[in-house]
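The structure under discussion appears below in the form of structure tokens.
Below is the structure:
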């Protein structure tokens with residue numbers, strides 16, 4: 210059976226990176242982006258078509274669409290283009306890497322991009338237009354809304370509920386049975402162990418610089434271990 214024809218919305222780093230993933234499962238025929246930000250006519254030899262007229266080049270009846278953009282405006286761009294694409298008549302698909310451990314009881318909407326080597330445990334539900342990067346772990350019975358960005362290494366405890374439009378930086382950790390309000394920003398390496406309300410920001414301090422060069426530091430800790 211021939212691969213399904215896919216159009217990627219986006220022309221930035223996210224879209225270019227995602228192309229290599231998408232080609233594993235789809236026949237990617239082109240990109241589309243708003244005319245105002247169309248910077249080049251091609252990406253890796255594939256045409257970039259103005260979104261305003263994409264349906265005249267790639268008919269909705271013959272092509273699927275997926276959005277591959279970052280978390281601009283707390284994921285609002287991805288949400289907006291998903292709705293506009295559906296209005297044009299496109300069916301949106303999911304991309305789930307073959308290495309993902311996804312149990313049969315997991316349910317999800319459409320327009321989700323789920324990269325490699327992560328686990329989604331039983332009973333979890335995902336909405337539409339979420340991005341989940343490599344090596345994340347999502348516990349059992351979670352409810353994740355729409356338009357969330359979950360970066361590499363994020364760990365979400367079981368029975369946690371996440372509102373729409375949230376951002377989680379690399380290696381962020383969310384405890385079990387936690388409510389995360391809509392459009393919250395959780396920075397890299399940050400632990401959240403209590404409920405939040407909408408649009409809150411949680412960040413952790415950067416690592417502190419130790420006042421020794423690296424070689425001297427190794428000698429220092431070696432002396433402490435003897």
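Numbering (the working numbering), first residue to last: 210 to 435. All C-beta atoms in this analysis are idealised placements derived from N, C-alpha and C, irrespective of residue type, glycine included. Please read these numbers as outputs of a predicted model, since none were measured by experiment.
Minimum C-alpha distance to residue i - residue among the options
i: residue 379; options: 355, 388 and 413; result: 413
i: residue 342; options: 237, 376 and 417; result: 376
i: residue 397; options: 415, 390, 406 and 264; result: 415
i: residue 324; options: 426, 423, 344 and 295; result: 344
i: residue 351; options: 419, 223, 359 and 368; result: 368
i: residue 407; options: 276, 320 and 283; result: 283
i: residue 327; options: 360, 270 and 394; result: 360
Which of helix, strand or coil DSSP assigns to residue i
i: residue 251; result: strand
i: residue 291; result: helix
i: residue 428; result: helix
i: residue 401; result: strand
i: residue 388; result: strand
i: residue 322; result: strand
i: residue 286; result: helix
i: residue 414; result: coil
i: residue 210; result: Any reading at residue 210 is ruled out, since the residue's pLDDT is 47, under 50, leaving its predicted position unreliable.
i: residue 500; result: This structure does not reach residue 500, given that the chain is present from 210 up to 435, and the question cannot be answered.
Sequence-distant residues of the same chain with beta carbon closer than 8 Å to residue i, five excluded per side
i: residue 210; result: Legend: pLDDT at residue 210 = 47, less than 50; position of this residue unreliable, no value from coordinates given.
i: residue 399; result: 378, 381, 382, 411, 412 and 413
i: residue 358; result: 279, 280, 284, 339, 340, 375, 376 and 377
Per-residue burial, residue i [other beta carbons within 10 Å of its own, 16 or more giving buried]
i: residue 272; result: buried
i: residue 421; result: exposed
i: residue 356; result: buried
i: residue 418; result: exposed
i: residue 274; result: buried
Beta-carbon spacing of residue i, residue j below 9 Å
i: residue 241; j: residue 263; result: yes
i: residue 260; j: residue 285; result: no
i: residue 306; j: residue 222; result: no
i: residue 280; j: residue 340; result: yes
i: residue 404; j: residue 391; result: no
Cβ shell of residue i (< 6 Å), same chain only, five flanking positions each side left out
i: residue 290; result: 218 and 276
i: residue 316; result: 334
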